[in-house]
Every structure is written in C-alpha cells, then in structure tokens.
Amino acid sequence: MITKTIETEPLITLVGPPNSGKTTLFNFLSGKNYKTVNYPGATVEYSISKIQKKYNLEGRILDSPGIVSLIPNSPDERISINSLYSHPTFGVPDLIIVTIDASQLSRHLLLAKQLIESKFNVIVALTMTDILNRRGKDISISKLREELNCDVVKIDGRTGIGVEDLIKEIEKNLNAVKEKEKVNIIRLKDSLPIEKLIDFYKEIEKIEHNVIADLGEDQNFASIKNANKKLNVLNNKIQNHNNTLDNTTVKIDRILLHKVWGLVLFFLIMSLTFTSIFWLAQPLMELVDDLFGYLSSEALILIGNNWMGNFLANGIIGGTGAVLVFLPQIIILFLILGLLEDTGYLARGAMLIDKPLSKIGLNGRSFVPMLSGFACAIPAIMATRTIPNKRERLLTIFIIPLLSCSARLPVYALLLAFLFPMDKSWLAGLALAGIYLFSIISSAVVAGIANKFRGTIIKEEDNSSFILELPTYRIPKLQVVATNTYHSSMSYIKRAGTVILFLSIIIWFLTYFPDSNPKVNTYNLTQEKAEQLISSERISNSYAADLGKFIQPIMKPIGMDWRVGVSLIPTFAAREVFVSSLALIFKVTGDKGTLQTSILREMRQATIAGTGKKLFTTATIIGLIIYFIFALQCISTLAISRKETGSWRLPMLQLFLFTIGAYFFTFIVVNGLRLIGIN
Amino acid sequence: MRTAAELKYGEKGIINGIDGSHPSSRRILEFGFTPGQEIQLINMSLFNDPLAFSVRGTIVAIRKDEAVCIKIL
C-alpha cells in the first residue's frame, strides 16, 4: 500500500479506544456538523466532516469506531480496521490522530504503538490529564514525544483547550507529509503471535515509567528515578504508580455492583428509564398526532374531499405523521441511554445481566438493544451493533420484534378497555403489566429455543465472549449526548421514515381505491359525521376490504371475520393504526374524546354475519392480544432487519415464524378458552 | 496453577502467563492482562460471573470461562 499524495483535501482519521475522548475531540474539530455514513455494503458506521471553518485549515476529518487494537476481534472491527488502512472512497489517511486517555496510558498506548509500527503519520491527542492529576500524577509531554517519536498534544475535553495546538500540529504534519517520500504502510498481521503483544506491552511499560511522575516531584523526575534504580531503592509503589484505581469509582461500584442492592438498583434504574420513555414522550406524541390530524383536515378542506385531497391528507400527511409520532420516544430513548452510557453505568448493567442472558444464547451487551425494543424495534435493531459476536448479535435482532413496542400500546389499551369495566381500570393496568411480562418471558423462551437448534435459525458460529471495560464514573456531557441523539434521530427519520411513508401511501391506496362514491343518508348529520360515514362506506368497498374478504377463511378459525382482517392489513405500516381502522370499519362516528367509547359500543354489538354470534368476546379479544404480542406486522422492522443483517433470510424467518406462530397461538387461545366455557 | 477465575473476592494476584490456546487470549492481552501485572478481583456479578478485575488502573469485566486463561503465580 502506498500513501497517496495530497492533491485535494487531506484525510485525517481519528482513531482511539472506547472511552478515550475521541468523539468529544471529533465534535470540537467538526463543530458538530457531520454526516454519519456506512462503510459500503456494511453496517459499520463512521462520521465524516470538514474541519471547522474557524480553524482555517482544509481537511476531511473521519471519526472511526472505537477499537482497542489493530487486530480485529469481530466482523465489524475487521471492516473498521480494513477501512483504516485503506478507506474504500478516500484511500489511505494522510494523518492519524489517536486519542489516548492519560489515566489509562499503558493500555491505550498499545493502539498508538501499533499505528506507529504500521508507519502511519500519527499525532497523539492526550486526554483526561486532569484525572491523572487528581490522582497526584503528572505526565511529561516532551518525554512522551521523545519516546514515541511523534507529536503529542494535550486536549481538555471539557473546555477544548489544546484543540488550537492540535490544529497547528496537524497543519505542520500535513505540510511535512507533502514533502516526505511515500511510505509503505505495513499492515499488522491478524495472526500476530501473542508474544509480540507482550513485547509491545514491555516497551509501553518502559515508556510509562519514563513519562509519568508524582505531582510535585522535581521536573527532572526521570533522572531521580534512574538514580533510584541504580541505588536499588525502587519500591513497588513507584513501579505501579499509574495503576491506582479511581477511588470514587470503586466506592460507587461497591453499591451499584452489590449482590443485592446492585440488582435492586439495576431494576429500579431500568424501570425508570423504561417508564420515562413512555410518560415523557406521551404529551409530545399527542402533540405530533394532533398537529398532523389538524394539517390533514385542513388539507381536505383546502383541496376538497376528492382523491387528491385524500391522498395529501391521509397518504402523505398521515404517513409523515406516522413517522414523526415515534420521534419523541426515540429522542428520549437515545437521550437517556446516552446519558447512562456516558456516566459509565451501562457497562455495569451489561455485566450484571450477562450471566442470565448467556444462558439463552445472548450476551450482556444484548441488554440495551432489548430495552430499546420496548420503545421501537428500529433503533433497537440499530443498537445491536455494539455486540461483537455475530451469532449473539443476530439472535438479539431475531427476538427484538417480540418485545412489545410502544406502537402496540394503543391497541392493548383498546382491547383491555373492552375486557375490563371502566370503574375497574386498575385491573386493565395490571393486565397491561402482565402483557409486558409475558412478552419478556416469551422472547426469552424464543431466544432459548433458537439457541438450542444451532445452525437452523442462526447459522453463524462465533466464540462467545464478554470482555468489557467498566469505565470510571463521571458526570455525563449533556452536549455530546445531545449531539449524538440528534444524529441518531435523523438517521431514524431517513432510514425508517422513508419506508414507513412509502408503505403508508400504499396502504392508503388500498383503503381508498376503487374510488367509489358511496351514497349515504346524511339526513340529520353534521358535516363531520357525514364525512366519517362516507369514509366508512369507502373502506368497506375498497381493495383492502376485498383483501380482507379474501382472508376471511383464515380469520374464521380464530373466531374473527373479514372486518378484523381489514383492520389488520394497515397495521403492517404502523400497528397503532389498528384502532383507527377498526373505527372506520365499524362506521364509528363520534368526536375525538368519545372515540374509544364509541368503538367499544360498536364492538360489543358487532355480530358475525349469518350466525348472529357476537364477533368480539372475551375469548377473541384475548386472542387478538396474543396475536399482537407475537406477530411481526411492521414492514419497517423487516426493512431495518434486512439492512442490519445483510440479507433477507432473518427478516423473512421473523415474518413467517412470528406471524404464523401468532396465528397458531391465537387459534389455541381462542378455541381453548371456548372449550373451557369462556366465550 | 491457579487462574484468575479462582481468585477470591478482593484477592490480588500477579499474572504468570496467558494461555495462548484460549480463543479470547489475544483480546485479554490487548486489555492489558500481561505477565507480571498485578490484578485484583474487585467485583463479581450475579451468580459470581462475570468477574471484574482491576488491571493497569482500570476495571475490566470478564466471563469466568474466559478468565481461566489468565494464570496466576
């Protein structure tokens, strides 16, 4: 490989171990104005940006995923490291900035040493020197520069002090690169013997010994140490001088990783996270819902109640609303998880839950994605990227759709309101908690079963491993978390949003066309009610209704008819649409506030045509709940599952196994209940 | 010889060697578990697995069946 000459914009790649302050530095250099891109054909993401204008330096800056070593340990790491050596679009980087946590010097220097060994042009950005100082130690920049034979700059992640110096060094180095002869980059072999790693560490220990000293010690501490060495008075304390743990962290861990309290606090923190996703997002979601409802009705008035008006109101505006309604939840989810991650707690959570999860073929790192699954499967599946083991990652993706996402909440609410009388709503609340518990247990069982049948559902085999750094506790940086949340949310809108919008339009088409002009008796009805009645008639004659009637034979064994079938079709765009389609099908007319009561009234009266038997009974309602727990009826989930797994195999298995399974369980539950006398 | 997985809660030990035949050995080395380093078992998770060791001034959680490749003097 040959280092390219700088003709256009130089490429500067940021490399660093996790928790080394790499992303903070990237935010300083890019001014938070960056793009997140996938490596071609891969699910690994990197961020790219131009150097902020105020620094007056031309250059592209690339933030690569955090790595510990240049020897890959997972498929994703292999992609990141391959691209580091030679990026598919930008080639070999002209300059590498490696972030090193000064309080973790001996561990983080490994990566720097490997990069220098590979003959890259390297600048070391030394972070967290304040933590080192708090421990009563100091590091000599000039000595480190000498030892590594590359430029070293001190960066303060909180204030940004040092970034200007770094820019100067970058400029100097880039100019030097232009002059220098092309250097061949030597790639470290994947089969690097472990003895070589031990040698690396021996060198690093020497460097560490020479550059770090107790604060307040004489400037020429190295010479004193040499003198000590000669006099043979080197004691253990000096030898391990950088190996002291952060005292506060040890103290906090004594509680947070305690056998009893640690577990209690873990469940407390997680339930708090979980409930706040719902409660904090609720008013915002209603706001989005109302806003798009308003826009939609305004569009109808503006264009008129024809196909164009309907397309704009219910297809485009309604579809956009279906995308944006989940945005509050996703933002809150990313924000809370980001803050927890930044404090250092999430790594502890993963450690606490690793053993139980490993029993069913998952990993401690599966935990956060699974938790996110209760909000929405899309960010949850995206979050599985942190699982290094391919097999465990695929298994996690596989079961995520079984965790009851928030789109199922309105459906459960309606169905539970049917089952329990209004004055006993606490019973419905209890039942809802039961549904969530059931969804957790069933996903664990499915994971366990899929894990048992090795090679059938998940074919990949991989060495299962859990080695995770438990970082020092610290106050989270809200600004960094907020920036990441913004980018993750935008990525959700772009990825999932386009798919959801597209499907919403298709489903709108199915429920609107053929554009029959139904004659309804509008006598004595308000304009609004008359229009609702027309919509109801239209959907009863639509292609969706034809489809519903076509699947009538499938609905019959589970005690339902085509009307439920029609309501289930649009749920593939968004599950919560079930409620409004039921309302349309059952010609419910009413004001927004009383919609639920009106639907419930109609549902209680509905009978199966030709038999006079009640359509919605305790048995069929419980059956429907069971169906919604298991069925994968969300095309966006399939799309993201395809994207993240790289093939249609897993999403198709999810679609067929979960939906057929849901049907099967509904059949058993409905008929089982009827058998024991519960209609 | 004892392994890191057999350390008692709070016990310290000096690493004697890493079993190179274990598939996780390289990663464990990369996290700084090298011969001569002093480690301490400072925390244990539910069911005493994974184990949290202090090494080189940081804490690393490792599963028990991976910690067996760290041999202790």
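So the protein lines, in turn, are chains F and D.
The first sequence begins at 1022 in our numbering and counts up by one.
The second sequence begins at 77 in our numbering and counts up by one.
All C-beta atoms, glycine included, are put in the ideal place defined by N, C-alpha and C.
Could you name the residues of the same chain whose beta carbon sits closer than 8 Å to that of residue i, not counting the 5 residues immediately before and after it, in chain order?
| i | result |
| --- | --- |
| GLY1339/F | PHE1313, SER1317, SER1525, TRP1529 |
| PRO1535/F | ASN1562, SER1563, TYR1564 |
For residue i, tell me which candidate among the options has the shortest Cα-Cα distance.
| i | options | result |
| --- | --- | --- |
| LEU1301/F | LEU1354/F, TRP1282/F, THR1265/F, GLN1675/F | LEU1354/F |
| VAL1520/F | SER1107/F, PHE1049/F, VAL1344/F | VAL1344/F |
| ILE1470/F | ARG1406/F, HIS1508/F, LEU1383/F | LEU1383/F |
| GLN1135/F | GLY1037/F, GLU1558/F, SER1379/F, ILE1322/F | GLY1037/F |
| TYR1457/F | GLY1042/F, PHE1651/F, TYR1533/F, ILE1408/F | PHE1651/F |
| GLY1042/F | ILE1215/F, PHE1679/F, PRO1497/F, SER1486/F | PRO1497/F |
| TRP1328/F | GLY1631/F, PHE1685/F, LEU1645/F, ILE1555/F | ILE1555/F |
| LYS1577/F | LYS1634/F, GLU1558/F, GLU1623/F | LYS1634/F |
| ASP1177/F | ARG1166/F, THR1045/F, TYR1106/F, PHE1141/F | THR1045/F |
| ALA1401/F | LEU1392/F, LEU1436/F, VAL1145/F | LEU1392/F |
| THR1477/F | GLN1675/F, VAL1587/F, GLU1168/F | GLN1675/F |
| ALA80/D | ARG103/D, ALA128/D, PRO99/D | ALA128/D |
| PHE1141/F | LEU1358/F, LEU1589/F, ILE1117/F, LEU1621/F | ILE1117/F |
| VAL1663/F | SER1557/F, ILE1399/F, GLY1644/F | Before going further, note that residue 1663/F is Arg rather than Val in the sequence given. ARG1663/F has its Cα closest to that of ILE1399/F, out of SER1557/F, ILE1399/F, GLY1644/F. |
| GLY86/D | GLN113/D, VAL144/D, ALA143/D, SER130/D | SER130/D |
If I measure Cβ to Cβ from residue i and keep anything under 7 Å in the same chain, skipping five residues before and after, which residues do I get?
| i | result |
| --- | --- |
| GLU1597/F | ALA1428, PRO1431, VAL1432 |
| GLY1052/F | GLN1073 |
| LEU1378/F | ASN1384, GLY1385, SER1387, PHE1388 |
| ASN1472/F | ILE1381, GLY1382, LEU1416 |
| LEU1696/F | none |
| GLY1336/F | SER1525, ILE1526, TRP1529 |
| ILE1092/F | LEU1209, ASP1211, LEU1213 |
Along chain D, which residues have their Cβ under 8 Å away from the Cβ of residue i?
| i | result |
| --- | --- |
| ILE1488/F | SER100, ARG103, ILE104, PHE107, VAL136, ALA137, ILE138, ARG139, GLU142 |
Going along chain F in order, which residues have a C-beta closer than 7 Å to the C-beta of residue i?
| i | result |
| --- | --- |
| ASN119/D | ASP1274, LEU1278 |
| THR110/D | ILE1219, TYR1222 |
Does any residue of chain D have a CB that is nearer than 8 Å to the CB of residue i?
| i | result |
| --- | --- |
| ASP1177/F | no |
| TYR1222/F | yes |
| VAL1271/F | yes |
| ARG1155/F | no |
| ILE1381/F | no |
| ASP1375/F | yes |
| ASN1484/F | yes |
| MET1576/F | no |
| ARG1495/F | no |
| THR1265/F | yes |
| ARG1128/F | yes |
| ASN1335/F | no |
| SER1161/F | no |
| ILE1206/F | no |
| ILE1100/F | no |
| MET1391/F | no |
| ILE1131/F | Residue identity check: residue 1131/F is Leu in the sequence provided, not Ile. Yes, LEU1131/F counts as interfacial toward chain D. |
| SER1139/F | no |
| MET1291/F | no |
| ASN1094/F | yes |
| ASN1249/F | Unreliable placement is indicated for ASN1249/F, whose pLDDT of 49 sits below 50; no coordinate value is reported for it. |
| MET1149/F | no |
Give a yes or no on whether 8 Å exceeds the smallest Cβ distance from residue i to chain F.
| i | result |
| --- | --- |
| ILE94/D | yes |
| ASP128/D | Position check: residue 128/D holds Ala in this sequence, whereas Asp was assumed. Judged by the 8 Å Cβ criterion, ALA128/D is in contact with chain F. |
| GLY133/D | yes |
| LEU149/D | no |
| LEU83/D | no |
Could you tell me which chain D residues have their CB closer than 7 Å to the CB of residue i, listed as they occur along the chain?
| i | result |
| --- | --- |
| SER1090/F | GLU106 |
| LEU1423/F | The premise fails here: LEU1423/F is roughly 23 Å from chain D at the closest Cβ pair, so nothing lies under 7 Å. |
| ILE1215/F | ILE94, GLY96, SER101, ARG102, LEU105 |
| SER1124/F | GLY133 |
| LEU1169/F | Those within 7 Å of LEU1169/F in chain D number zero; the least Cβ separation is about 18 Å. |
What does a CB cutoff of less than 6 Å around residue i pick up in its chain, not counting 5 residues either side in sequence?
| i | result |
| --- | --- |
| MET77/D | LYS147 |
| MET1149/F | ASP1122, ALA1123, SER1124 |
| SER992/F | Here chain F has residues from 1022 to 1700 only, and residue 992/F is not among them. |
Residues of chain D with CB closer than 9 Å to the CB of residue i, please, in chain order.
| i | result |
| --- | --- |
| LEU1491/F | ASN119, ALA128, THR134, ILE135, VAL136, ALA137 |
Original post:
If we count Cβ pairs, one from each stretch, closer than 8 Å, do we get three or more for the stretch 1663–1680 of chain F versus the stretch 1560–1576 of chain F?
Top reply: Contact fails: fewer than three Cβ-Cβ distances are below 8 Å.
Subject >> Inter-stretch contact (C-beta, 8 Å, three-pair minimum) for the stretch 1380–1399 of chain F and the stretch 1409–1429 of chain F >> reply: yes
Original post:
Is there contact here, the stretch 1355–1375 of chain F with the stretch 1271–1287 of chain F, by at least three beta-carbon pairs under 8 Å?
Top reply: Yes: the two stretches touch, three or more of their Cβ pairs being nearer than 8 Å.
Original post:
Would you say the stretch 1686–1697 of chain F touches the stretch 120–135 of chain D, given that touching needs at least three Cβ pairs under 8 Å?
Top reply: no
**OP:** Indicate whether the contact test is met: 3 or more Cβ pairs, each with one atom in the stretch 135–145 of chain D and one in the stretch 1483–1493 of chain F, closer than 8 Å.
**Re:** yes
Original post:
Touching or not, the stretch 1107–1123 of chain F and the stretch 1217–1228 of chain F, by the rule of three or more beta carbon pairs under 8 Å?
Top reply: no
Original post:
Looking at C-beta atoms only, is the number of pairs between the stretch 99–113 of chain D and the stretch 1081–1097 of chain F that lie closer than 8 Å three or more?
Top reply: yes
Original post:
Does the stretch 1640–1654 of chain F come close enough to the stretch 1459–1466 of chain F to have 3 or more Cβ pairs within less than 8 Å?
Top reply: yes
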